[in-house]
Structures are given as structure tokens and as C-alpha cells.
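Undergrad: Under the UniProt record's numbering, the first residue of the sequence shown carries the number 1, and numbering increases by one thereafter.
Beta carbons are placed, not taken as given, at the ideal position from N, Cα and C, and that holds for glycine.
Structure incoming, see below.
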Amino acid sequence: MIKKMMTMRTSPSVLPTHSNLKQNSRRRSLIRWLVPAILLLVLVSPALAASSTYSFLPVMKTDTIDFYQGYGDPVLSASLVGNQELSKGESATLQFSIANKGSVSRMKSIEYISDAKLNTTTVQNLIDDGYISIDDPTMDSSLVNGSFAVILPSDLLKYMADSAGFSAFNQLATTEMQLEANRINAQSLNIQMSCDSPYIEVLTGSDYVYLSSLSSGSYSTISAPIRINPNTPAGTYYINMTINYEFPDNARMMDFSSMPLSTSFIYSDTYIQEYKRENVNFQIPFVIQQSPVFEITNINGTLQNGSKKILAVTYTNTGDKTAYDAECKIDMMYPLSSTQNKGLLGDVKPGESIVIEYPIQSHAKATPKIYGINSDVRYYDENGDLHVSPSIKLNVEMTQRHTILTFENVIIGVVILFFGAIGYDYYKKRKNGNGKNGNDKNENLISDEKSNK
1 MIKKMMTMRT SPSVLPTHSN LKQNSRRRSL IRWLVPAILL LVLVSPALAA SSTYSFLPVM
61 KTDTIDFYQG YGDPVLSASL VGNQELSKGE SATLQFSIAN KGSVSRMKSI EYISDAKLNT
121 TTVQNLIDDG YISIDDPTMD SSLVNGSFAV ILPSDLLKYM ADSAGFSAFN QLATTEMQLE
181 ANRINAQSLN IQMSCDSPYI EVLTGSDYVY LSSLSSGSYS TISAPIRINP NTPAGTYYIN
241 MTINYEFPDN ARMMDFSSMP LSTSFIYSDT YIQEYKRENV NFQIPFVIQQ SPVFEITNIN
301 GTLQNGSKKI LAVTYTNTGD KTAYDAECKI DMMYPLSSTQ NKGLLGDVKP GESIVIEYPI
361 QSHAKATPKI YGINSDVRYY DENGDLHVSP SIKLNVEMTQ RHTILTFENV IIGVVILFFG
421 AIGYDYYKKR KNGNGKNGND KNENLISDEK SNK
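Next comes the structure, spelled out in C-alpha cells:
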């Protein structure tokens, strides 16, 4: 019986073979790797779905941490570049310098970062727990009376983990500090300019002048054309400049430590940047100098095509300074011309008028209409500097010259004479014919009377 039982135990159908053991080992190994893989796939699949739907997910403020609050804003200034004195009637382009002198005053720590601390134990505690024996010949018994730290492997592992987290937080804090330092750089500057005086027009071409950025310690130059009316009173005027800009107000870092590992990698940004917009106003002064201003107050005479006429032009100094050795000149184009296009005005005081006569020849084929003739005045100021007044336009009317002997009139006269000659000849022939018939009738009457007698 015992032998039979032993035989049955050793039967190949009951005892596992080497191949069966190997297959079971493979199954267990496969299960051991497959279960974690399935779990990881379950955790990662929502993130993969979100990642396939969106190229990135925006960083939410609730997922961030704020280490520092910076203090210090862009400090902008504006000034006029070059000569600040302009003349009446002048059209000039003003150059303005926009500078940024902002600086970071301080950084205030908001999130406290503490050093990782080790959980220490004393030798006495180790003795009480049975880790160290006093009878150990390698142990210095004098150390038992002292209290000092002993690092265990478990403590070292915790220290390394805490140090890694501390280094990551330090890196985030350092990055945020660098971002906070950018708060003194101005961005997207919209600059508007105007002048309160009705005599001065600022011609920027649009509502504002745009600058993309202005870093701290730098400057940029912008320009604005202006037009000054000749009747502008002398004095100090101001360009009103308004600069609207934005700057980085606060940076918040992405707190990956509070996020699941399966979703942390789908965020493309590591921080969010908050911006703030500000307005700053400036009044930039410039001066309109006292100077002579010449205007044409009267034009006497008209033009006729094909004839030469005298045009009397009155120049008046409407400014508040005397013009010395003033000389006027006119410029004209076809069909007008002149043998004398300059005139001497001499010294012209404020309010004084001088009349200059210009002989102007008009072409015979000139069209009767109003022609514009440009005129300017060159003069010296009290310092001996030469100036040229803004161009003045003379509007002169041209009329049609009335003459009898013209080509058209000659043609018309020839036609009239031709048809008149034909009519006269016809009339004469008809008259001669009527006279002959009358004589014949008279002769017949006479002969009839004689026969009756």
C-alpha cells in the first residue's frame, strides 16, 4: 500500500514538470508587469485625451504659487529734442524723446521657504532602543554623556527627498524673481499728442503714435509734424502728450507639487503673468518767437490773354517785429511770364504796407480763369539772420481780350463777303432782266397808240 501510494505521488500526471513550472513563472512575471501597466494607463488616459483635444491647457491662478511681490514701476519722461523756438507760419516736425527710468525698489517675500530639517536622535535613545551597546569596545563611553545627531539611512533618505523638493522650490522662486524684475519695462505704448491753441495743429496722421516696448534705462524718439498759423501770437505753448502703456504687475509660478503626475505634463506654461495698464500725462513747452509776418492785403489789376498788364500787389507786415532789407518775389508758370518778378520792400515795420507793381504778360491762348501766383518775402531780422516767409498765393483773374481783327472774325468776314457778292450779282442780273422787259412793253404801247391814230 505504501509503495502504491508512493507510486501515485510520483506519477507524472500529478507532479508538476519543469516545463509547467517555467510556464507558471512566465505567467506570474507577465501579471506582475501587466497590472502596473494597466493602472498607469488608466491614470494617464484622461491626460492623453485632454492633450489630444487641446494643444495645451492654460495655467489657472488656483494652480499657482506666489513667492514674491515686486515694487517699482516704469518711470517715463518726455522732452522736446532740438530747437524749442519756432516761427509764425512755420510748418515743422517736432522730435520727442521718450525715456524710461524705472527701477525695482524692493522684493517682498510672500511664500516662506524653510530649509529641510532632519529628524535627529541621540546616542542615548539609540542605547535605550538597543541599537548600540555600551560594552562595545569600539564605543567611546565619554560620548554617552553628550547629545549629538546620528543620521540613520531612513533619515538620510528623507533628507534627500526634502532637499530635492527644496531645490525645486528654490528654482521656481528664482524664476519668479527674474520675472518680477521685468515690471519696470513698459509695453504697448500708445502716445497721443495735441495742442490747446487753435492756431497750432498737430498732424500725427492717426489718433496716436505706437511703440511696442520701452525697457528700463532706454529711450526712443518719435516725431509729430505741426502747422503754425501766421497769425499766432508770440508766446509759450504746450504739446499735451498722453502715454497709455502696460507693464508686468505680478508673476505666479505653476505649483506642480499640488497636481497629479498624470496631468502635470500637459501644461505648456510654467507661470502666469499679470499685467497692469497706466496713463501718464506730460505738457511739453515750446516758444513761438516774435517775428515779422507778411501778408498780401490787396491786389489791384486783372490779366487779359494775349496782353501785358500791370499787377499792383500790397505787402503788409502783420507781425510784431521789423523786417530789414526785405525783398519780395513772385513765381509763375505758363501761360504767364514777367520780365520783372522781384521787388524791393526795404525796412518794413509792424503794420506797414508797401505796394509793388509787376508787369505780367499773358499768352494769347491762355484760358480765362483765376490763376494762382506764388510769392514769398526774404528779410533779415535784428540779429542779421536771413529768413524766408512762408509762400503766399496771389489769386489773379484773367479775362478774355476783346479784339475785332482775329482769325475767326476774318473767316466770318470772308464768308459774309462771299455770300454778299453772290447775292449782289444775283440781284443785279435780276434787275437788268426786269428793265429789258419794261422797255419792250413801253415800245409796244407807243406803237399801239400810233396805229390807233
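Quick check on Leu386: buried or exposed, where buried means 16 or more other Cβ atoms within 10 Å of its Cβ?
TA: The residue labelled residue 386 in the question sits at position 386 within the sequence shown. When all chains shown are included, Leu386 counts as exposed.
Undergrad: Go ahead and pull the three-state DSSP assignment for residue 483.
TA: Residue 483 is absent from the structure shown; the chain starts at 1 and stops at 453.
Undergrad: Do Tyr210 and Asn190 come within 8 Å of each other at the CB atom, strictly closer than that value?
TA: Position 190 of the sequence shown holds residue 190. Position 210 of the sequence shown holds residue 210. In contact: Asn190 and Tyr210 (Cβ atoms closer than 8 Å).
Undergrad: Which one of Tyr334, Val293 and Ser194 has the shortest CA to CA distance from Tyr324?
TA: Stepping through the sequence shown from its first residue, residue 324 is reached at position 324. Of Tyr334, Val293 and Ser194, the residue nearest in Cα terms is Val293.
Undergrad: From the DSSP output, in three-state form, read off Gly420 for me.
TA: Counted from its first residue, the sequence shown places residue 420 at position 420. Here Gly420 sits in helix by DSSP.
Undergrad: Thinking Pro285 and Asn185 are a contact (beta carbons under 8 Å), I'd like their distance in whole angstroms, please.
TA: Within the sequence shown, residue 285 is the residue found at index 285, counting from 1. Within the sequence shown, residue 185 is the residue found at index 185, counting from 1. 29 Å between Cβ atoms; not a contact.
Undergrad: Below 8 Å between beta carbons: does that hold for Ser338 and Tyr358?
TA: Residue numbering aside, residue 338 sits at position 338 when the sequence shown is read from its first letter. Residue numbering aside, residue 358 sits at position 358 when the sequence shown is read from its first letter. Against a cut-off of 8 Å, the Cβ pair of Tyr358 and Ser338 comes out as a contact.
Undergrad: May I ask which residues mark the beginning and end of the beta strand (DSSP E) holding Leu94?
TA: Position 94 of the sequence shown, counting from 1, holds the residue named residue 94. Segment Ser91 to Asn100, the beta strand (DSSP E) holding Leu94.
Undergrad: Based on the DSSP output, what are the partners of Gly346 in its beta bridges?
TA: By 1-based counting over the sequence shown, the position of residue 346 is 346. DSSP, once it has assigned bridges, lists Ala326 as partnering Gly346.
Undergrad: Excluding sequence positions up to five away, which residues of its chain have a Cβ less than 8 Å from the Cβ of Val104?
TA: Here residue 104 refers to the residue found at position 104 of the sequence shown. Cβ neighbours of Val104 beyond the five flanking positions: Gly70, Tyr71, Gly72, Glu180, Ala181, Arg183 and Ile184.
Undergrad: Considering only the beta carbon of each residue, do Asn100 and Ser215 sit closer than 8 Å?
TA: Here residue 100 refers to the residue found at position 100 of the sequence shown. Here residue 215 refers to the residue found at position 215 of the sequence shown. Result yes, Cβ atoms of Asn100 and Ser215 sit closer than 8 Å.
Undergrad: Count the other C-beta atoms from every protein chain shown that fall within 10 angstroms of the C-beta of Val414, then say buried if there are 16 or more, exposed otherwise.
TA: Here residue 414 refers to the residue found at position 414 when the sequence shown is read from its first residue. Burial call: exposed.
Undergrad: Measure the beta-carbon distance from Ile239 to Cys195 and round it to whole angstroms, keeping in mind my assumption that it falls under 8 Å.
TA: Within the sequence shown, the letter at position 239 stands for residue 239. Within the sequence shown, the letter at position 195 stands for residue 195. That belief holds up - the Cβ atoms of Ile239 and Cys195 are roughly 6 Å apart, short of 8 Å.
Undergrad: So does the stretch 269-280 actually touch the stretch 376-383, counting three or more Cβ pairs closer than 8 Å?
TA: With the cut-off at 8 Å, the stretch 269-280 and the stretch 376-383 do not touch.
Undergrad: Can you tell me which of the three DSSP states Thr232 falls into?
TA: The residue given as residue 232 occupies position 232 in the sequence shown. It is coil, neither helix nor strand.
Undergrad: Short check: CB of Pro233 to CB of Leu203, under 8 Å?
TA: Indexing the sequence shown from 1 puts residue 233 at position 233. Indexing the sequence shown from 1 puts residue 203 at position 203. In this structure, Leu203 does not lie closer than 8 Å to Pro233 by Cβ.
Undergrad: DSSP beta-bridge partners for Asn281?
TA: As a first step, residue 281 must be located in the sequence shown, where it is residue number 281. Partner(s): Thr242.
Undergrad: Lys429 by DSSP, collapsed to three states: which one?
TA: Here residue 429 is taken as the residue at index 429 of the sequence shown, counted from 1. Looking at Lys429 - three-state DSSP - the assignment turns out to be helix.
Undergrad: Buried or exposed: where does Asn317 fall if 16 or more other Cβ atoms within 10 Å of its Cβ makes it buried?
TA: As a working mapping, residue 317 is identified with position 317 in the sequence shown. Counting Cβ neighbours within 10 Å, Asn317 comes out buried, since at least 16 surround it.
Undergrad: For the candidate residues Asp63, Val287, Ile299 and Glu408, whose alpha-carbon lies nearest to that of Asn83?
TA: Locating residue 83 in the sequence shown gives position 83, counting from the first residue. Checking every option, the nearest Cα to that of Asn83 belongs to Val287.
Undergrad: Taking its Cβ as the centre, do 16 or more other Cβ atoms sit within 10 Å of Val355, making it buried, or is it exposed?
TA: Within the sequence shown, the letter at position 355 stands for residue 355. Exposed, since its Cβ has fewer than 16 Cβ neighbours within 10 Å.
Undergrad: Using the DSSP secondary-structure output, state which residues sit across from Pro225 in a beta bridge.
TA: Walking along the sequence shown from the start, residue 225 turns up at place 225. Thr93, per the DSSP bridge assignment.
Undergrad: Buried or exposed for Asp252, going by 16 or more other Cβ atoms inside 10 Å?
TA: On the sequence shown, residue 252 is found 252 positions in, with the first residue counted as 1. A quick correction: the sequence has Arg, not Asp, at residue 252. Arg252 should be labelled buried.
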